[in-house]
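In my numbering, the protein residues as written are 14 to 143.
We treat Cβ as the ideally placed atom computed from N, Cα and C, and that holds for glycine.
Data block below; observations after.
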């Protein structure tokens with residue numbers, strides 16, 4: 014008969030556990046960094062889309078009423094209709110409004126609106142030139 018060799022497992026050394034812990038922490042840090050960057054990039058894309066929608070709503074209001082809207086918030090409450098008797102549609106829909114009633118961008122900062130020239134910008138640092 015063959016002799017069976019019973020191998021006993023040696024307990025892991027402390028430095029092996031330390032290496033495992035360092036690798037796990039590094040993986041978590043890298044994953045969090047990637048997630049944060051993707052989140053910021055996606056919010057930037059949403060911001061571009063929202064600015065385009067808001068600016069289009071301002072232009073439509075200006076075209077139909079021959080004046081700039083008084084506030085951005087007014088665009089969410091006022092309606093327009095191309096044919097008399099039809100139910101009106103809001104100039105601006107599906108935007109985030111803060112508890113204070115202001116329109117806010119995906120980063121949670123309010124939009125800045127100049128009612129003289131009808132221009133809208135974001136107040137988020139780094140995105141204020143868009």
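Setting aside the 5 residues that flank it on each side, residue 74 is surrounded in the same chain by 82, 104, each with a C-beta closer than 6 Å to its C-beta; the list follows chain order.
Around the beta carbon of residue 124, 16 or more other beta carbons sit within 10 angstroms, so the residue counts as buried. Non-local C-beta neighbours of residue 133 in its own chain, meaning closer than 6 Å and more than five positions away in sequence, comprise 67, 68, 124, 126, ordered along the chain. Of the candidates 33, 128, 118, 118 places its Cα closest to the Cα of residue 137. Straight-line spacing of the CA atoms in residue 45 and residue 39 works out to 10 Å. Comparing C-alpha distances from residue 88 to each of 77, 98, 96 shows the shortest one belongs to 77.
By the CB criterion at 7 Å, residue 101 and residue 92 fall inside the cutoff.
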